[in-house]
Amino acid sequence: MKEKHCVFPGSFNPFTLGHRHLVEKASERFDSVTVAVAAETYKDDMIPPEVRSEIARKSLADLPNVDVRCFEGMLTDFLRELGCFNVVRGYRNDCDYEYEKELERVYVSMDRRVDFVLLRSELCDISSEKVRAAVKNGKKINGLVSDAVVGDVIGLYDKK
């Protein structure tokens with residue numbers, strides 16, 4: 104039996120096929136998935152959250168039980184607003200896994216209702232950083248992002 108609802112948060116700069124793979128896995132486990140695009144991040148080279156959200160929406164348009172929303176501030180506040188405390192996060196390797204476990208401890212300390220679900224990505228060679236680097240160096244990004252957004256992503260990062 105599926106669980107009701109989960110939130111998949113991230114910066115998604117840009118949304119990749121690795122992210123999509125994790126959303127697909129989450130949508131098999133949960134009735135509905137909210138992809139939560141963080142408006143504020145501490146990363147350089149960030150595209151505005153509305154643009155990152157639109158790329159995620161286009162990448163996930165065929166998944167009926169998935170919606171995409173921006174959020175500001177702390178994730179725990181957004182979870183309280185939604186009334187959903189299931190958080191899906193992905194990891195590619197042992198280093199990612201340790202980072203995610205540390206992040207889980209932080210969020211659980213802020214709200215004990217938070218329940219992390221860590222999903223392993225089989226697409227461990229795909230990262231947003233690699234997509235940005237590929238575009239900036241004139242390389243193809245087909246197979247790294249959804250076909251529906253290849254042009255959008257090239258247009259965003261090629262200008263930098």
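Quick note on numbering: the numbering used here labels position 60 of the sequence shown as 163, and the sequence is numbered without any gaps.
Think of the CB as a built atom: it goes at the ideal place given N, C-alpha and C, for glycine as much as any other residue.
Keep in mind it's a predicted model, so treat the numbers as computed, not measured.
Any idea if residue i is buried or exposed, counting beta-carbon neighbours within 10 angstroms, 16 or more meaning buried?
i, result
"Ala-164", "exposed"
"Arg-192", "buried"
"Tyr-210", "buried"
"Gly-109", "The sequence given here has Cys at residue 109, not Gly. It counts as buried."
"Tyr-202", "exposed"
"Ser-249", "buried"
"Ser-212", "exposed"
Where does residue i fall in DSSP's three states?
i, result
"Val-190", "strand"
"Pro-167", "coil"
"Lys-107", "strand"
"Pro-112", "strand"
Which residues in the same chain as residue i place their Cβ atom closer than 8 Å to its Cβ, once the five residues preceding and following it in sequence are excluded?
i, result
"Gly-116", "Note that residue 116 is Asn in the sequence shown, not Gly. Only Thr-144, Lys-146, Asp-148, Met-149, Ile-150, Arg-155, Ser-231, Arg-235 meet the Cβ criterion."
"Glu-127", "Leu-166"
"Ser-130", "Val-136, Leu-166, Asn-168, Val-169"
Quick one: give me the first and last residue of the alpha helix (DSSP H) that residue i is part of.
i, result
"Cys-198", "197-213"
"Phe-181", "178-185"
"Lys-239", "231-239"
"Ile-158", "152-162"
Within the continuous beta strand (DSSP E) that includes residue i, where are the two ends?
i, result
"Leu-221", "218-223"
"Ser-249", "Note, Ser-249: premise wrong, no beta strand (DSSP E); not H, not E."
"Ser-135", "133-141"
By alpha-carbon positions, which one of the options ends up nearest to residue i?
i, options, result
"Ser-114", "Asp-228, Lys-239, Ala-159", "Ala-159"
"Val-220", "Glu-127, Leu-226, Val-169, Asn-189", "Asn-189"
"Pro-167", "Phe-133, Ala-237, Met-213, Arg-183", "Phe-133"
"Gly-246", "His-122, Cys-173, Leu-178", "His-122"
"Val-136", "Gly-241, Ile-257, Asp-170", "Asp-170"
"Asp-180", "Glu-203, Arg-215, Tyr-202", "Arg-215"
"Lys-161", "Glu-131, Phe-174, Leu-120, Lys-107", "Leu-120"
"Cys-187", "Leu-206, Ala-139, Lys-204, Arg-223", "Ala-139"
"Ala-237", "Leu-125, Val-256, Cys-227", "Val-256"
Sorted by chain position, which residues of the same chain lie with C-beta nearer than 6 Å to residue i's C-beta, five sequence neighbours on each side aside?
i, result
"Tyr-200", "Tyr-194"
"Leu-259", "Ile-150"
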